[in-house]
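Step one of this worksheet: look at the structure below.
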Amino acid sequence: MLKNLFEKVYIKRLCAFFSGGLVPFAFSPFDFYFFSIFSLSILFYLWSKTKTARESFILGYLFGFAMFGIGVNWLHISIELFGNMHLILSLLITYLFIAFLAMYPALCGYIAIKYFKSSLFVCMPILWVISEWLRGWIFTGFPWLNIGTSQTDSILINFAPIIGDYGISLIVCIISITILKIIFYKNRQRFISLSLLIIIFLSSLVLNKINWTKNNGASLNVALVQGAIPQEIKWQPDQDEKSYDIYKRLSEPFWSSDLIIWPETAISSKYHLANNFIEEIDRKQKNSNASFMTGIINEDTSTNAYFNSILLVDNNHHFYNKNHLVPFGEYLPLKDKLNRLVDRTALRKRPLRSKEVMTFIDTIEYKNLPWSSIHNDYLTTFDKWIHNHKLIEFHGLDKFETRKVTLGVTHAINDLHMLNPGRVVIFDGEFFYHEKVIPNIKIKSINELQDGDVLLISTPFCGEGYNVHPHMTDILATCLAKNIPVHIDAAWYPCSRDVHFNVDHPAIHSVNFSLSKAYGISEHRCGIQYSRQPAGGHIDYMNDEDSHPAINNMYTGIKCMNKFGVDYFWNKHKEHYNTIINECTNLVPSPAIHVAFSTDDNGKIIRAVPTKTAIEYLDSISQN
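The C-terminal residue of the sequence shown carries number 619 in my numbering, and the numbering is unbroken.
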């Protein structure tokens, strides 16, 4: 009866799906390494009892879909959080990628039954390893969940020095088949299979006794430094210096070592933009004579190509650029096709990038920059730049007596949180980054505001309409009555039009601007804060002549503001923007060049969508 039940197609398919779902649990952090052997035994048995290549394809596909569906479902986080895509779109792309990966075990089963039916148990291990090898190369390679890797904590790891990861995968497949033969075959087949298992086991014990390494000269004292900075924080533009300070502090006791190693992208800035960090590392390396190695982003400025690289500092600088990039993690397969989809569906907003701006920045020389004159010139130029806006106007900035340098608006916001821990309040629909990094941040409505709150609000308001908040008059009146200081994030100021606002209201304590969205130079972190009075204390270190980590940023900002002006993106892309609006259905303009509004068939606004990729695409066409 049990045998008859197992002959049913849906039972076979259910078993294939279930066994595939067990495979990820053979890997860390679960480490049930025997699950991979057990799962392959089930799959191979199902294939051996399958009469058609079509059915073996289906069984293999179900196995692979469950295996990769559980094992690499994390991809959507990378795509959404760091790839500028909406959650639904990131889930869709992840689903399609999993569906693609499931083709490998599916084709393995199809070919085995179609062409090697008579020698099935011989060819299945070989075909499986070939499929893993191909998966490690196509689309630059995605070697996640290779069966051999699951045996890191098993006795089979002793084979690794000889046959490597793929060799262990082959052995796992062989063991899976021998188990089948021991269970389902009799006499000679069972004896041979049992003998093979014993040989594998004894061989592993022998290999374990061999010392595969030997001393070659003097020992090397190596310090491995791990800052453990979360990915969602690490790539924030204002985090570079903070991350570097963490690694510098952790490494300080180890400069007497022979080699100090930092992890992948420990320095998240591009190499040619990390002068301050690299120069300090050079000094420490020369003083200690210790070699230094770190992950860093290297850029070929002639082609705008980026590389995930290793930098070795040992009196000279040596680079190794990674060749096999992780699909969707380090590069986007079929980028041109997917970008068109992103234009219409992604919710997250990012600055446009201009090749013209980036090329210009590459020509800037940062030599002998006098802090005092650069600092004063920066504040004067920024003030003039803001007041030169022809499409938008803020009145009353002259009433704010204090101006200071910030590393973009995000720096000013971080200071606000430091000075007012647990008190900062935002409205729903904006400040995604801060909502992620500060989980306890308060999201309130106007009616929920109370004494003790500190209100942070964007103008133009990102949560609704990209203009002044429709209830701004009531908000300011409420805040004034309840003694709630209001701080304005005006990062979208240079990229907007038809916005007019008087900031000279007693409830408003500061107004903050940046160049990030103006020119797409968020990595250079150029900002300015207008405030009623100085914050005081250590919070003003950016404006202290004795500590000037942003002098290169300031100089870059001065050069860009003088070169391009405040209306740069609107002047450059307005024709493209209009083209996008006209050519795309259910799309209407917004006050921000980065953003359009999607509408339903009745013209009602549904949400804001970025126009970044579409503008860049049309711009590339016009250049060609």
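By construction, the Cβ of each residue, glycine as well, lies at the ideal position given by its N, Cα and C atoms.
Collapsing the DSSP output to three states places residue 482 in a strand.
Sorting 564, 238, 583 and 218 by C-alpha distance to the C-alpha of residue 595 places 583 at the top.
Selection 421, 443 and 525 evaluated against residue 464 yields 421 as nearest (Cα-Cα).
Look at the beta carbons and you see the segment 514 to 530 touching the segment 345 to 364: at least three pairs across the two are nearer than 8 Å. Between the segment 215 to 229 and the segment 247 to 258, the count of C-beta pairs closer than 8 Å reaches three or more; the two stretches touch. Judged by DSSP in its simplified three-state form, residue 280 adopts helix.
Look at residue 217 here: in three-state DSSP terms it is strand.
The C-alpha of residue 120 lies about 11 Å from the C-alpha of residue 163. The DSSP-derived three-state label of residue 379 is helix. According to the DSSP secondary-structure assignment, residue 525 is paired through a beta bridge with 398 and 506. Judged by beta-carbon spacing, residue 101 lies within the 7 Å limit of residue 56, meaning their Cβ atoms are closer than that value.
Secondary-structure assignment with DSSP links residue 370 through no beta bridge to anything. Between the segment 380 to 392 and the segment 496 to 509, the count of Cβ pairs shorter than 8 Å is three or higher; the stretches touch.
At least 7 Å separates the beta-carbon of residue 183 from that of residue 177.
Fewer than three beta-carbon pairs drawn from the segment 103 to 110 and the segment 139 to 158 are found closer than 8 Å, and the two stretches are therefore not classed as touching. For residue 290, the beta-bridge partners assigned by DSSP are 305.
When the alpha-carbon of residue 587 is set against those of 506, 454, 507 and 527, the nearest one is in 454. The segment 156 to 172 and the segment 26 to 46 touch, with three or more beta-carbon pairs separated by less than 8 Å. One Cα belongs to residue 238, the other to residue 262, and the distance between them is close to 7 Å.
In this structure residue 82 is not in contact with residue 8, their Cβ atoms being roughly 30 Å apart against a cut-off of 8 Å. Between the C-alpha atoms of residue 321 and residue 156 there is a straight-line separation of about 25 Å. Taking the CA atoms as reference points, residue 570 sits about 41 Å from residue 272. Remark: three or more beta-carbon pairs, one from each stretch, lie closer than 8 Å, so the segment 120 to 132 and the segment 93 to 100 are flagged as touching. The continuous stretches of beta strand (DSSP E) do not include residue 225, and DSSP gives it neither H nor E.
In the three-state reduction of the DSSP assignment, residue 242 falls in the helix class, which pools H, G and I.
The DSSP-derived three-state label of residue 388 is strand.
The DSSP-derived three-state label of residue 74 is helix. In this structure, residue 505 lies away from residue 522, with their beta-carbon atoms at least 7 Å apart. Of the candidates 41, 23, 26 and 144, the residue whose Cα lies closest to the Cα of residue 4 is 41.
With a threshold of 16 other beta carbon atoms within 10 Å, residue 483 meets it and is buried. About 18 Å separates the beta carbons of residue 377 and residue 527, which is beyond the 8 Å limit, so they are not a contact pair. Residue 364 carries a coil assignment under DSSP once its states are collapsed to helix, strand and coil.
In the displayed model, residue 254 falls within a strand according to three-state DSSP. In the assembly as shown, residue 476 is an exposed residue. Its beta-carbon has fewer than 16 other beta-carbons within 10 Å. Residue pairing by DSSP places residue 574 in no beta bridge whatsoever. In this structure, residue 546 sits near residue 366, with a CB-CB distance shorter than 7 Å.
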